[in-house]
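Colleague:
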Amino acid sequence: MTQILVVDDDLLVLATTAIGLQQIGYEVFQAVSGPSALKICQQEKPELVLLDIRMPNMSGIDVAKVL
Numbered sequence: 017m018t019q020i021l022v023v024d025d026d027l028l029v030l031a032t033t034a035i036g037l038q039q040i041g042y043e044v045f046q047a048v049s050g051p052s053a054l055k056i057c058q059q060e061k062p063e064l065v066l067l068d069i070r071m072p073n074m075s076g077i078d079v080a081k082v083l
């Protein structure tokens, strides 16, 4: 099963996206911040990461650069 990490500080967007992806058969991990996304990536190695660009402290672009 394909694993996807969804990262968004807006909980409604995060939940809606994650539920939609789960309903069509993906295994979905969720993170509400850049640092938590990086921790999940180290542990789970998702095949795709969907990033919110504008997040406090660490933007999606910053996360992508680290990944």
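For the sequence shown, my numbering gives the first residue as 17, with consecutive numbering after it. We put the beta carbon where it would ideally sit given N, CA and C, even for glycine.
1. One question on the structure: do Ile20 and Glu63 come within less than 8 Å of each other, judged by their Cβ atoms?
2. What number of angstroms, rounded off, separates the C-alpha of Ile69 from the C-alpha of Gly76?
3. Does Glu63 come out as helix, strand or coil in the three-state DSSP assignment?
4. If we require 4 or more residues per run, which alpha helix (DSSP H) segments fall completely within the region 23-82?
Modeller: Taking the geometry as given:
1. yes
2. 4 Å
3. coil
4. 27-39, 50-60, 76-82
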